[in-house]
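Enquirer:
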Amino acid sequence: METKQILETIQMISEEKLDIRTITMGISLFDCIDSDGSKARQKIYDKLTTSAKDLVKVANQIEAEYGVPIVNKRISVTPISMVAAACHDDNYVAYAQTMEKAAETLGVDLIGGFSALVQKGEQSGDQKLIDSIPQALSETKRVCGSVNVGSTRAGINMDAVKQMGRVIKELAAIDPVSCMSLVVFANAVEDNPFMAGAFHGVGEADKVINVGISGPGVVKRALEKVSGAPIDKVSETIKKTAFKVTRMGQFVGNVAAKALNVPFGIVDLSLAPTPNQGDSVAEILEEIGLQSVGAPGTTAALALLNDAVKKGGVMACEHVGGLSGAFIPVSEDSGMIKAVEYGNLNLEKLEAMTAVCSVGLDMIAIPGDTPAETISGMIADEAAIGVINNKTTAVRVIPAAGKQVGDQIDFGGIFGYAPVMPVNPNSPAKFVNRGGRIPAPIHSFKN
Amino acid sequence: MKAVITVIGHDQVGIVATVSQQLAELQVNITDISQTLMHGEFTMMLMGEWDENNVKFNVVQQSLTALGQRVGLDIHIQRQELFDAIQKL
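Protein chains in written order, with the UniProt record's numbering: chain S, 1 to 447; chain B, 1 to 89.
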């Protein structure tokens with residue numbers, strides 16, 4: 001191998017912050033179902049702590065031997081609303097506590113799957129789970145939850161949309177920071193390794209290893225070398241870089257899967273930023289030629305980036321899955337934070353951007369007094385973009401209790417901090433309170 | 001076992017000798033060696049090969065890290081497969 005290639009690889013890791021964002025082990029809990037809740041939870045604890053007992057050890061070993069940072073080790077489980085439905089418990093907080101305890105024992109960073117899929121309606125387990133979310137997520141540190149409220153095939157469950165606006169407000173009233181552990185989806189995917197939205201889908205194997213890659217810094221550095229070149233060259237450069245980044249994900253996933261004796265699932269081809277300087281999707285867009293993210297042209301530049309990442313990544317690995325696209329979480333991206341602080345990026349532009357990338361209004365702080373119906377309106381808008389365009393969209397907003405526009409809320413570590421953003425003050429309450437379902441969209445006449 | 005060893009630091013007398021002597025003691029065969037300046041720093045790359053049944057990876061790694069600390073150099077070792085995965089089709 002050429003010296004140049006070795007140096008480039010080392011530079012990608014050490015200077016451009018290329019890393020594996022997460023190795024996530026998906027574990028099915030269907031075989032833990034029991035009509036006695038405490039028995040079910042014991043089975044869940046036992047299965048999790050047995051199945052994933054070597055996850056952290058193997059990840060640390062890969063990190064040491066290959067010199068690739070693996071930022072998070074995570075677990076996703078079958079949506080708890082399904083697993084717990086057979087038991088007679090009134091709420092499912094104890095299930096979240098069991099997940100927390102297992103995650104703590106294993107030393108994993110996060111565990112996802114305190115989830116419900118209610119795009120068309122709610123079974124009794126879904127209702128209990130959604131009602132349990134505020135207490136469950138505020139009393140645990142590692143547990144993540146998600147609720148899918150719409151899909152292209154089913155339409156949008158507006159009763160659930162209404163409910164989730166209220167749940168987010170309730171959770172924020174207890175602890176606003178806990179809201180980062182809750183995401184509301186449309187077209188949720190079953191093999192997503194990223195949090196807070198990871199759950200182990202019903203069509204998945206008993207256990208699986210999924211990998212989420214990172215690497216915005218690598219893409220930005222590569223683009224610096226083609227400054228001023230035509231946009232075709234930008235696309236080609238992103239493709240080539242995405243290829244290399246994804247190869248690393250594929251390789252690490254395979255090594256981990258083999259060591260853990262668990263099938264390898266997918267690589268999630270996402271550009272996942274962190275608040276560290278030089279690890280920002282916003283900075284890529286600015287390198288492409290925008291004075292600031294949020295400027296006219298932002299949606300087009302993001303569409304180009306998102307598409308080129310997929311084109312480059314698809315050939316680099318055997319199976320692509322998860323969310324696969326550029327993430328634009330505000331608090332986790334130093335460039336996004338800066339753009340919001342300078343007034344260059346607003347919610348409306350972010351919403352437009354979510355139509356062409358993964359995943360949605362993510363890690364956005366809004367004033368603490370934002371009404372529940374307004375949050376439901378935001379969820380409905382995002383769900384509509386996902387449902388109509390046949391893509392995953394999501395809302396992870398944080399109503400910052402007692403805070404107003406201009407204040408900020410700190411999440412810590414790779415989750416960063418978010419400036420509180422202004423929300424359109426007009427009320428969608430009458431629309432939201434109608435309830436019912438928005439019918440599934442027509443799949444022809446695509447204008 | 002094949003690994004890429006990188007040595008980065010201020011240029012000084014005897015870097016090649018010090019590192020290669022340590023590798024010889026560990027029974028690591030050097031199959032390729034090159035050096036260059038990266039951002040003004042001396043950078044040496046070695047391809048090493050050894051039998052993992054005799055010497056474990058972490059033994060080589062710890063030994064090289066300790067050597068690096070003693071002589072003021074940054075020495076990293078990574079298994080070669082990663083480089084092949086990223087750079088080769």
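Ideal placement from N, C-alpha and C gives every residue a C-beta, glycine not left out.
1. Taking T18 of chain B as the reference, which of B:R70, B:K88 and B:F83 has the closest Cα?
2. Would you report the Cα separation of V245 of chain S and E8 of chain S, rounded to the nearest angstrom?
3. Could you tell me the boundaries of the alpha helix (DSSP H) in which Q11 of chain S lies?
4. Taking the alpha carbon of S138 of chain S as the point to measure from, which residue in S:G125, S:S181 and S:A429 has its own alpha carbon closest?
5. Whole angstroms is fine: what's the gap from K403 of chain S's alpha carbon to N187 of chain S's?
6. If you draw a straight line from the alpha carbon of L26 of chain B to that of F57 of chain B, how long is it in whole angstroms?
7. Based on Cα-Cα distance, which residue from S:P399, S:N344 and S:V255 lies nearest to L290 of chain S?
8. Count the other CB atoms within 10 Å of the CB of R41 of chain S; is the residue buried (16 or more) or exposed (fewer)?
9. Sorted by chain position, which residues of the same chain lie with C-beta nearer than 6 Å to I77 of chain B's C-beta, five sequence neighbours on each side aside?
10. Would a C-beta distance cut-off of 8 Å place I414 of chain S and T241 of chain S closer than the cut-off?
11. By Cβ distance, which residues of its chain are closer than 6 Å to D19 of chain S, with the 5 residues on each side in sequence left out?
12. By the criterion of Cβ-Cβ separation under 9 Å, what are the contact partners of Q61 of chain B in chain S?
13. Should F83 of chain B go down as buried or exposed, given a rule of 16 or more other Cβ atoms within 10 Å for buried?
14. Quick check on Q69 of chain B - is its C-beta less than 8 Å from some C-beta in chain S?
15. At what residue ranges does the segment 347–418 of chain S contain a whole run of the beta strand (DSSP E), taking only runs of 3 or more?
16. Just verifying my parser: in three-state terms, what is the DSSP assignment at R79 of chain B?
17. Output the distance between the C-alpha atoms of residue 459 of chain S and P296 of chain S, rounded to the nearest integer angstrom.
18. Using 10 angstroms around the beta-carbon of I442 of chain S, count the other beta-carbons present and answer buried if the total reaches 16, otherwise exposed.
19. Could you tell me whether the Cβ of I30 of chain B comes closer than 8 Å to any Cβ of chain S?
20. With burial defined as no fewer than 16 other Cβ atoms inside 10 Å of the residue's Cβ, what is the status of N447 of chain S: buried or exposed?
21. Compute the Euclidean distance between the alpha carbons of G313 of chain S and A326 of chain S, then round it to the nearest angstrom.
22. If you count every other CB in all the chains shown that lies within 10 Å of the CB of T3 of chain S, and 16 or more means buried, which is it?
23. At the 8 Å Cβ level, is Q5 of chain S part of the contact set with chain B, yes or no?
24. What does F251 of chain S reach in chain B if we use C-beta pairs closer than 9 Å?
25. What number of angstroms, rounded off, separates the C-alpha of F30 of chain S from the C-alpha of Q250 of chain S?
26. Measuring alpha carbon to alpha carbon, tell me which residue in S:A401, S:D381, S:G406 and S:A400 is nearest A394 of chain S.
27. Spell out a yes or no on whether the segment 73–86 of chain S and the segment 124–134 of chain S are touching, meaning 3 or more CB-CB pairs, one atom from each, closer than 8 Å.
28. Tell me which residues share the same chain as G436 of chain S and place their Cβ nearer than 8 Å to its Cβ, disregarding the 5 neighbours each side in the sequence.
29. Would you mind working out which of S:D333, S:V397 and S:R247 sits nearest M12 of chain S, comparing C-alpha positions?
30. Since F185 of chain S is in the alpha helix (DSSP H), which residue starts that stretch and which ends it?
31. From T24 of chain S to D11 of chain B, what distance separates their C-alpha atoms?
32. Along chain B, in chain order, which residues have C-beta atoms closer than 8 Å to that of K244 of chain S?
33. In chain S, what lies closer than 7 Å to F57 of chain B by C-beta?
34. Ignore the nearest five residues each way along the sequence and tell me which others in V58 of chain S's own chain have a CB closer than 7 Å to its CB.
35. Using alpha carbons as the reference points, say which of S:S51, S:D268 and S:N148 lies closest to D206 of chain S.
36. Which of the three DSSP states, helix, strand or coil, is assigned to S146 of chain S?
Expert: Once the coordinates are examined:
1. What you label residue 18 of chain B is simply residue 18 of the second sequence in a count that begins at 1. Comparing Cα-Cα distances from T18 of chain B to each of B:R70, B:K88 and B:F83, the minimum goes to B:R70.
2. Numbered from 1 along the first sequence, position 245 holds the residue referred to as residue 245 of chain S. Numbered from 1 along the first sequence, position 8 holds the residue referred to as residue 8 of chain S. One C-alpha to the other measures close to 12 Å.
3. Looking up residue 11 of chain S in the first sequence gives position 11. T3 to S14 is the span of the alpha helix (DSSP H), which, as asked, contains Q11 of chain S.
4. The residue labelled residue 138 of chain S in the question sits at position 138 within the first sequence. Among S:G125, S:S181 and S:A429, the Cα nearest to that of S138 of chain S is on S:S181.
5. Counting from 1 along the first sequence, the entry for residue 403 of chain S is found at position 403. Counting from 1 along the first sequence, the entry for residue 187 of chain S is found at position 187. When rounded, the distance between both Cα atoms is 32 Å.
6. As a first step, residue 26 of chain B must be located in the second sequence, where it is residue number 26. As a first step, residue 57 of chain B must be located in the second sequence, where it is residue number 57. Just so you know, the alpha carbons of L26 of chain B and F57 of chain B end up roughly 11 Å apart.
7. Translated into the one-based positions of the first sequence, residue 290 of chain S becomes position 290. The residue with the shortest Cα to Cα distance from L290 of chain S is S:N344.
8. Position 41 of the first sequence, counting from 1, holds the residue named residue 41 of chain S. Flag for R41 of chain S reads buried.
9. Translated into the one-based positions of the second sequence, residue 77 of chain B becomes position 77. Only A3, I5, Q61 and L64 meet the Cβ criterion.
10. Taking the first sequence and counting its residues from 1, one reaches residue 414 of chain S at position 414. Taking the first sequence and counting its residues from 1, one reaches residue 241 of chain S at position 241. It is not a contact, given that the beta carbons lie outside the stated cut-off.
11. One-based indexing of the first sequence puts residue 19 of chain S at position 19. Same-chain partners within the cutoff: P69, V71 and S214.
12. Taking the first residue of the second sequence as 1, we reach residue 61 of chain B at position 61. Neighbours of Q61 of chain B on chain S, chain order: A64 and E65.
13. For the purposes of this step, residue 83 of chain B is taken as the residue at position 83 of the second sequence. With 16 or more Cβ atoms within 10 Å of its Cβ, F83 of chain B is classed as buried.
14. Locating residue 69 of chain B in the second sequence gives position 69, counting from the first residue. With 8 Å as the cut-off, Q69 of chain B does not count as an interface residue toward chain S.
15. Qualifying beta strand (DSSP E) stretches, in chain order: 360–367, 393–400 and 408–410.
16. Within the second sequence, numbered from 1, the residue matching residue 79 of chain B stands at position 79. Three-state result, R79 of chain B: strand.
17. Here chain S has residues from 1 to 447 only, and residue 459 of chain S is not among them.
18. Taking the first residue of the first sequence as position 1, residue 442 of chain S is located at position 442. Burial call: exposed.
19. Locating residue 30 of chain B in the second sequence gives position 30, where the first residue counts as 1. False, the Cβ-Cβ gap to chain S never drops below 8 Å.
20. Indexing the first sequence from 1 puts residue 447 of chain S at position 447. When all chains shown are included, N447 of chain S counts as exposed.
21. Within the first sequence, the letter at position 313 stands for residue 313 of chain S. Within the first sequence, the letter at position 326 stands for residue 326 of chain S. Going from the Cα of G313 of chain S to the Cα of A326 of chain S covers about 12 Å.
22. Taking the first residue of the first sequence as position 1, residue 3 of chain S is located at position 3. The residue is exposed, with fewer than 16 neighbouring Cβ atoms inside 10 Å.
23. Your numbering for residue 5 of chain S matches position 5 in the first sequence. Closer than 8 Å: yes.
24. Mapped onto the first sequence, residue 251 of chain S falls at position 251. Ordered by position in chain B, the residues that pass the 9 Å Cβ test against F251 of chain S are E81, L82, D84, A85 and I86.
25. Position 30 of the first sequence holds residue 30 of chain S. Position 250 of the first sequence holds residue 250 of chain S. In a straight line, the C-alpha of F30 of chain S is about 28 Å away from that of Q250 of chain S.
26. Residue mapping note: residue 394 of chain S aligns to position 394 of the first sequence, counting from 1. Closest option to A394 of chain S, judged by alpha-carbon separation, among S:A401, S:D381, S:G406 and S:A400: S:D381.
27. Yes: at least three Cβ pairs fall under 8 Å.
28. Looking up residue 436 of chain S in the first sequence gives position 436. For G436 of chain S, where only same-chain residues beyond five positions count, the Cβ hits under 8 Å are M158 and D159.
29. Residue 12 of chain S sits at position 12 when you count from the first residue of the first sequence. Among S:D333, S:V397 and S:R247, the Cα nearest to that of M12 of chain S is on S:R247.
30. Position 185 of the first sequence, counted from the start, is the residue given in the question as residue 185 of chain S. Run containing F185 of chain S: none in the alpha helix (DSSP H); it sits in the beta strand (DSSP E), L182 to A186.
31. Looking up residue 24 of chain S in the first sequence gives position 24. Looking up residue 11 of chain B in the second sequence gives position 11. If you take the alpha carbons of T24 of chain S and D11 of chain B, they lie about 42 Å apart.
32. Within the first sequence, numbered from 1, the residue matching residue 244 of chain S stands at position 244. Chain B residues near K244 of chain S: I86 and Q87.
33. Here residue 57 of chain B corresponds to residue number 57 of the second sequence, with the count starting at 1. Residues of chain S passing the Cβ test: E65.
34. Locating residue 58 of chain S in the first sequence gives position 58, where the first residue counts as 1. Result list for V58 of chain S: A256, A259 and L260, in chain order.
35. For the purposes of this step, residue 206 of chain S is taken as residue 206 along the first sequence, with counting starting at 1. Among S:S51, S:D268 and S:N148, the Cα nearest to that of D206 of chain S is on S:S51.
36. Numbered from its first residue, the first sequence carries residue 146 of chain S at position 146. Strand at S146 of chain S.
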